[in-house]
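J.: Numbering (the UniProt record's numbering), first residue to last: 1 to 831. Virtual Cβ for every residue (Gly too), placed ideally from N, Cα, C. Predicted model, so just to flag it, every value in this text is computed and none were measured.
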Amino acid sequence: MTAVDGDQVASDSYDARALQDKWQARWAKENPFAASEDPADDRPRRYVLDMFPYPSGDLHMGHAEAFAMGDVVARYRFQLGENVLHPIGWDSFGLPAENAAIKRDSHPAEWTYANIETQAESFKRYGIALDWSRRLHTSDPEYYRWNQWLFLRFFDRGLAYRKNGLVNWCPKDQTVLANEQVVQGRCERCGTEVVRRSLNQWYFKITDYADRLLEDMAHLEGKWPERVLLMQRNWIGRSQGADVRFAIEGRDEPVTVFTTRPDTLYGATFFVVAADAALADELCAPERREAFEAYRRQVAKLTDIERQSTEREKTGVFLGRHAINPVTGERIPVWAADYVLAEYGHGAIMAVPAHDQRDLDFALKFDLPVRVVVETGEADPVETGVATPGEGTLVNSGPLDGLAKSDAIPRIIGVLAERGTGEGTINYRLRDWLLSRQRFWGTPIPIIHCPECGEVAVPDEQLPVKLPENLKGADLAPKGISPLAAAADWVNVDCPKCGGAAKRDTDTMDTFVDSSWYYLRYCSPQMDTAPFDVDRVRKWGPIDQYVGGVEHAILHLLYSRFFTKVLHDMGMVDFTEPFTRLLNQGQVINQGKAMSKSLDNGVDLGEEIDKYGVDAVRLTVVFAGPPEEDIDWADVSPAASLKFLNRAFRVMVQAGAASAPGTDPAAGDLALRKVTHRTLHKVTELVEVQRFNVAVARIMELVTAARKAIDSGPGAADPAVREAAEVIAVALSLFAPYVAEEGWERLGHTGSVAVGNWRTPDPELLVQESVTCVVQVASKVRDKLEVAPDVSEEELERLALASEKVQGFIGDRPIRKIVVRAPKLVNIVVG
Numbered sequence: 001m002t003a004v005d006g007d008q009v010a011s012d013s014y015d016a017r018a019l020q021d022k023w024q025a026r027w028a029k030e031n032p033f034a035a036s037e038d039p040a041d042d043r044p045r046r047y048v049l050d051m052f053p054y055p056s057g058d059l060h061m062g063h064a065e066a067f068a069m070g071d072v073v074a075r076y077r078f079q080l081g082e083n084v085l086h087p088i089g090w091d092s093f094g095l096p097a098e099n100a101a102i103k104r105d106s107h108p109a110e111w112t113y114a115n116i117e118t119q120a121e122s123f124k125r126y127g128i129a130l131d132w133s134r135r136l137h138t139s140d141p142e143y144y145r146w147n148q149w150l151f152l153r154f155f156d157r158g159l160a161y162r163k164n165g166l167v168n169w170c171p172k173d174q175t176v177l178a179n180e181q182v183v184q185g186r187c188e189r190c191g192t193e194v195v196r197r198s199l200n201q202w203y204f205k206i207t208d209y210a211d212r213l214l215e216d217m218a219h220l221e222g223k224w225p226e227r228v229l230l231m232q233r234n235w236i237g238r239s240q241g242a243d244v245r246f247a248i249e250g251r252d253e254p255v256t257v258f259t260t261r262p263d264t265l266y267g268a269t270f271f272v273v274a275a276d277a278a279l280a281d282e283l284c285a286p287e288r289r290e291a292f293e294a295y296r297r298q299v300a301k302l303t304d305i306e307r308q309s310t311e312r313e314k315t316g317v318f319l320g321r322h323a324i325n326p327v328t329g330e331r332i333p334v335w336a337a338d339y340v341l342a343e344y345g346h347g348a349i350m351a352v353p354a355h356d357q358r359d360l361d362f363a364l365k366f367d368l369p370v371r372v373v374v375e376t377g378e379a380d381p382v383e384t385g386v387a388t389p390g391e392g393t394l395v396n397s398g399p400l401d402g403l404a405k406s407d408a409i410p411r412i413i414g415v416l417a418e419r420g421t422g423e424g425t426i427n428y429r430l431r432d433w434l435l436s437r438q439r440f441w442g443t444p445i446p447i448i449h450c451p452e453c454g455e456v457a458v459p460d461e462q463l464p465v466k467l468p469e470n471l472k473g474a475d476l477a478p479k480g481i482s483p484l485a486a487a488a489d490w491v492n493v494d495c496p497k498c499g500g501a502a503k504r505d506t507d508t509m510d511t512f513v514d515s516s517w518y519y520l521r522y523c524s525p526q527m528d529t530a531p532f533d534v535d536r537v538r539k540w541g542p543i544d545q546y547v548g549g550v551e552h553a554i555l556h557l558l559y560s561r562f563f564t565k566v567l568h569d570m571g572m573v574d575f576t577e578p579f580t581r582l583l584n585q586g587q588v589i590n591q592g593k594a595m596s597k598s599l600d601n602g603v604d605l606g607e608e609i610d611k612y613g614v615d616a617v618r619l620t621v622v623f624a625g626p627p628e629e630d631i632d633w634a635d636v637s638p639a640a641s642l643k644f645l646n647r648a649f650r651v652m653v654q655a656g657a658a659s660a661p662g663t664d665p666a667a668g669d670l671a672l673r674k675v676t677h678r679t680l681h682k683v684t685e686l687v688e689v690q691r692f693n694v695a696v697a698r699i700m701e702l703v704t705a706a707r708k709a710i711d712s713g714p715g716a717a718d719p720a721v722r723e724a725a726e727v728i729a730v731a732l733s734l735f736a737p738y739v740a741e742e743g744w745e746r747l748g749h750t751g752s753v754a755v756g757n758w759r760t761p762d763p764e765l766l767v768q769e770s771v772t773c774v775v776q777v778a779s780k781v782r783d784k785l786e787v788a789p790d791v792s793e794e795e796l797e798r799l800a801l802a803s804e805k806v807q808g809f810i811g812d813r814p815i816r817k818i819v820v821r822a823p824k825l826v827n828i829v830v831g
């Protein structure tokens with residue numbers, strides 16, 4: 001197909017590249033997907049958002065799937081005539097840009113913004129219906145100024161603070177890593193073995209919101225994937241139990257442990273301290289020091305996730321000390337182990353091996369006592385190697401003997417309280433959010449450290465604290481401290497309070513801060529007096545549909561929820577949950593495995609588009625299966641999608657050439673009209689429930705019916721054919737925008753097909769006058785009956801048995817069973 005004057009297409013054959021060039025130019029000129037802020041615009045508002053990309057190279061196959069899914073949702077809302085906000089931006093701070101700058105001896109901004117421009121052009125080529133006027137980049141000072149402003153509001157409220165804490169440290173990149181950035185004990189970026197290190201770091205006090213984060217998930221039930229809600233609940237990990245104080249021989253103060261099963265206290269036969277906790281170092285006897293230090297170095301190489309894996313063999317070292325069980329008075333050995341985390345509870349546990357599998361694995365390996373104190377009816381744990389954590393009757397437990405767990409727990413908590421050795425409490429697995437990073441390419445933390453005044457907030461009027469522009473390449477190389485510390489002119493400042501010599505904080509913020517509130521900035525991205533326009537956010541928020549990968553199911557979503565709740569408490573938003581609905585798409589894999597250079601199974605998105613066209617690639621990723629499932633590119637066929645698009649295009653072109661817009665379809669072929677309206681009805685239902693692949697299948701069926709009507713029915717001039725072709729164009733605009741726009745124009749319409757053209761099916765044409773019911777005898781088809789769609793099971797059974805054909809096959813054999821699935825099946829089982 002040849003482009004003419006950049007806006008006309010001369011041939012009637014489908015040419016993907018020509019259509020892409022034509023309609024990209026048209027969309028850029030007409031801007032049909034811009035959200036309106038006109039107060040007089042009374043259309044329903046709808047906010048659809050895709051998780052914004054990181055600008056690392058060009059778009060890849062994962063982007064192709066994620067943004068195609070989100071675009072279906074946005075385009076459907078545009079079609080319904082709603083006022084849709086569907087913006088785009090870039091999560092543009094982060095370590096990859098810093099590493100690229102070191103490698104290229106350049107500033108991170110050069111690599112970052114070059115990649116952003118590449119991706120922006122690819123998004124336009126990919127036909128995503130975006131409001132480009134709201135574009136943002138988190139590495140712009142105009143954006144990160146407000147990261148700093150929000151940090152200071154959190155600081156004012158006691159939600160931002162510093163403390164010493166154990167962190168994952170990459171010796172090569174010389175920076176803190178989040179748990180998800182550590183893969184099998186190594187840095188996901190450079191492959192260096194990660195160690196645990198104690199650093200003074202900044203934290204957000206997300207634990208203050210633990211209960212609200214849990215309770216408000218009730219509002220998300222049925223709207224978020226259940227597995228995501230479960231993952232968040234497990235990450236927060238609310239546990240009700242008791243704090244129990246154990247005396248330690250040779251230590252004046254007791255050590256407190258948290259347990260959800262205080263009823264099993266009589267079965268505590270040893271005591272375990274996290275190997276990396278300060279308490280373990282304190283309790284270690286001199287004669288055990290060498291063994292303990294060697295063990296602690298070993299544990300430092302493990303991530304929290306690896307340490308808690310049930311698949312790992314338990315390891316530990318005896319500290320040469322004993323604790324005293326507060327209810328039995330028994331001396332029990334104190335061990336350091338890797339399966340207890342320093343930041344969970346109090347960094348120590350009472351081990352009850354008979355009723356906890358990890359404790360049992362440890363006890364069996366190190367030949368420690370195992371005592372059953374809950375009789376569950378199961379086999380002895382020592383013999384089976386399987387702990388018995390379930391319900392039962394207390395035994396070997398003094399005054400608790402004979403009680404059920406539900407009665408024993410309050411009884412033992414009462415005993416502990418009377419003795420002053422414990423009390424009931426609630427604990428959380430959730431830890432405060434560590435946000436310090438020893439990196440250059442991030443938001444500088446707006447705090448000044450003064451020898452006289454301590455931690456002093458940078459005054460609001462001095463924001464943003466910009467990154468120095470003179471650091472690049474070797475200046476950014478890892479040195480054990482943040483690269484910002486080397487910028488003396490930047491670091492050394494006067495204290496805003498006393499005017500004395502002071503220093504800026506040289507850490508930068510975790511990029512999760514950037515992405516925790518960016519959706520609010522889209523409502524007013526040019527605003528320079530506040531992070532966002534409160535009134536506009538109240539009009540647009542919360543987000544109606546959020547789309548992105550399940551890999552962000554925990555931290556990004558949890559942090560966004562936390563930010564939203566804090567902002568709600570500050571009176572800046574009037575909702576407490578940021579994302580009303582969540583759609584997770586799967587991965588695009590190849591040959592059964594994730595794409596990687598090492599496996600040589602990568603698929604280049606640009607090459608696929610060059611070969612098949614944008615529409616065919618988009619249609620392929622949507623048609624491959626439900627959004628949440630992975631797509632194996634080896635099992636799909638963009639060539640088949642291209643073939644279908646050719647067929648659909650010919651239907652639209654031929655219908656457009658044979659009749660004019662406004663032709664009354666009522667005089668057209670009734671059978672085709674029924675197919676058209678039933679397709680429209682089903683596609684509407686399927687898009688609403690996000691079964692996009694099945695919706696595409698229904699459109700394919702309509703194209704086949706229209707093709708048949710043109711070739712062997714009433715012909716292209718029939719009004720029903722035009723109606724079908726227009727519905728094809730409108731429905732295809734959700735999945736294959738270029739062919740839909742061109743087809744709509746060939747049908748004689750002006751304006752974009754993508755906005756406000758969704759049709760309402762005629763209820764009379766949805767009525768099925770009859771359906772075919774298959775009657776089986778001995779699982780073989782013996783007759784077919786035409787029956788009413790709403791026929792009852794009793795009536796259908798009567799009609800089946802009245803059939804002469806059916807009776808002929810039953811004969812004299814007794815009927816053992818009749819299975820009726822009205823209105824389409826009767827199966828008669830004979831003896």
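Looking only at its chain, what residues have a beta carbon closer than 6 Å to the beta carbon of Ala97, apart from the 5 residues adjacent to it on each side?
T.: Same-chain partners within the cutoff: Pro108, Trp111, Thr112 and Trp441.
J.: With a floor of 4 residues, list each alpha helix (DSSP H) that falls wholly inside the stretch 611-662, ordered by position along the chain.
T.: Fully enclosed alpha helix (DSSP H) runs of 4 or longer: 614-623 and 638-658.
J.: With a CB to CB cut of under 8 Å and the five nearest residues on each side skipped, what residues in its chain are close to Arg538?
T.: Answer for Arg538: Val573 and Asp574, listed in chain order.
J.: Let's test the definition: count the other Cβ atoms within 10 Å of the Cβ of Thr508 and tell me whether it reaches 16, buried, or not, exposed.
T.: Under this definition Thr508 is a buried residue.
J.: Could you compute how far the alpha carbon of Lys708 sits from the alpha carbon of Leu95?
T.: Rounded to the nearest angstrom, the two C-alpha atoms are 57 Å apart.
J.: Mind checking Val767: buried by the 16 CB within 10 Å criterion, or exposed?
T.: Exposed, by the Cβ-count rule.
J.: Just verifying my parser: in three-state terms, what is the DSSP assignment at Phe33?
T.: If DSSP states are grouped into helix, strand and coil, Phe33 belongs with coil.
J.: Could you tell me the distance, in whole angstroms, from the CA atom of Asp600 to the CA atom of Val775?
T.: The alpha-carbon atoms of Asp600 and Val775 are separated by roughly 53 Å.
J.: What is the rounded straight-line gap between the Cα of Leu484 and the Cα of Asp514?
T.: Distance between the alpha carbons of Leu484 and Asp514 is about 19 Å.
J.: Decide if Met570 is buried, meaning its Cβ has at least 16 other Cβ atoms within 10 Å, or exposed.
T.: So Met570 counts as exposed.
J.: For a test of your reading of the model: does the CB of Gln181 fall under 6 Å from any non-hydrogen atom of the ligand ATP? Yes or no.
T.: This structure lacks the ligand ATP; in fact it carries no ligand of any kind.
J.: How far does the alpha helix (DSSP H) with Asn147 in it extend, from its first residue to its last?
T.: Segment Pro141 to Asp156, the alpha helix (DSSP H) holding Asn147.
J.: Measuring only the C-alpha atoms, how far is Tyr144 from Gln654?
T.: When rounded, the distance between both Cα atoms is 54 Å.
J.: With a 10 Å radius around its C-beta and 16 neighbouring C-beta atoms as the bar for buried, classify Asp718 as buried or exposed.
T.: Answer is buried; the Cβ neighbour count reaches 16.
J.: Near Leu360, what residues of its chain come up, given a Cβ to Cβ distance below 8 Å and the 5 sequence neighbours on each side ignored?
T.: Taken in chain order, the residues that qualify are Pro353, Ala354, Val370, Pro381, Gly385, Val386 and Ala387.
J.: Rounded to whole angstroms, what's the CA-CA distance from Met350 to Leu213? Just pull it up for me.
T.: Cα to Cα, Met350 sits roughly 29 Å from Leu213.
J.: Could you name the residues of the same chain whose beta carbon sits closer than 7 Å to that of Val730, not counting the 5 residues immediately before and after it, in chain order?
T.: Hits under 7 Å: Gln79, Val753, Asn757, Trp758 and Arg759.
J.: Assuming Thr576 and Asp216 are in contact, meaning their beta carbons sit under 8 Å apart, how far apart are those beta carbons, in whole angstroms?
T.: Thr576 to Asp216, Cβ: 6 Å. Contact.
J.: Just to confirm the assignment: which complete beta strand (DSSP E) runs, minimum length 3, are found wholly within the stretch 398-481?
T.: Within the stretch 398-481, the complete beta strand (DSSP E) runs of at least 3 residues are 422-428, 447-450 and 454-457.
J.: Take Arg439 as the anchor and find which of Ala210, Thr506 and Ala417 has the nearest alpha-carbon.
T.: Of the candidates Ala210, Thr506 and Ala417, the one whose C-alpha sits nearest the C-alpha of Arg439 is Thr506.
J.: Start and end of the beta strand (DSSP E) containing Arg504?
T.: Counting along the chain, the beta strand (DSSP E) containing Arg504 begins and ends at Ala501 to Arg504.
J.: Run the CB neighbour count on Ile426, radius 10 Å, all protein chains shown included, and call it buried at 16 or more, exposed below.
T.: The residue is exposed, with fewer than 16 neighbouring Cβ atoms inside 10 Å.
J.: CB-CB under 6 Å to Ala219, same chain, minus the five flanking residues each way: which ones, in chain order?
T.: The sequence shown places His at residue 219, not Ala. Around His219: Glu577.
J.: Going along the chain, which residues of its own chain have a beta-carbon closer than 7 Å to the beta-carbon of Ala101, five neighbours each way excluded?
T.: Within the same chain, Ala101 has close Cβ partners His107, Pro108, Trp111, Lys472, Gly473 and Leu476.
J.: Give me the Cα-Cα distance between Gly549 and Gly606, rounded to the nearest whole angstrom.
T.: Going from the Cα of Gly549 to the Cα of Gly606 covers about 21 Å.
J.: Is it true that the CB of Pro141 sits closer than 7 Å to the CB of Pro468?
T.: Contact flag unset, no.
J.: Excluding sequence positions up to five away, which residues of its chain have a Cβ less than 6 Å from the Cβ of Thr676?
T.: Glu723, Ala724 and Val727.
J.: Going by C-alpha distance, which of Arg307, Asp252 and Gly329 is nearest Phe270?
T.: It is Gly329 whose Cα lies nearest to the Cα of Phe270.
J.: Hey, would you say Lys301 sits closer than 7 Å to Gly480, going by beta carbons?
T.: The answer is no: Cβ separation not under 7 Å.
J.: In terms of residue numbering, what span does the alpha helix (DSSP H) encompassing Pro737 cover?
T.: Counting along the chain, the alpha helix (DSSP H) containing Pro737 begins and ends at Pro737 to Arg746.
J.: Can you name the start and end residues of the beta strand (DSSP E) that Pro542 belongs to?
T.: Note, Pro542: premise wrong, no beta strand (DSSP E); not H, not E.
J.: Less than 8 Å between C-beta atoms, sequence neighbours within five positions excluded: which residues of the same chain meet that for Gln357?
T.: Only Thr310, Val386, Ala387 and Pro389 meet the Cβ criterion.
J.: Rounded to the nearest angstrom, what separates Glu608 and Ala695 at their Cα positions?
T.: Glu608 and Ala695: Cα-Cα distance of roughly 23 Å.
J.: Taking only the alpha-carbon atoms, compute the straight-line gap between Asn396 and Pro333 and give it to the nearest angstrom.
T.: For Asn396 and Pro333, the distance between alpha carbons rounds to 20 Å.
J.: Among Pro254, Arg125 and Glu797, which one has its Cα closest to the Cα of Pro737?
T.: When each option's Cα is compared against that of Pro737, the closest is Arg125.
J.: Near Val534, which residues of its chain fall below 7 Å by C-beta distance, leaving aside the five closest residues on each side in sequence?
T.: Counting only Cβ-Cβ distances below 7 Å, and skipping sequence neighbours, we find Met572.
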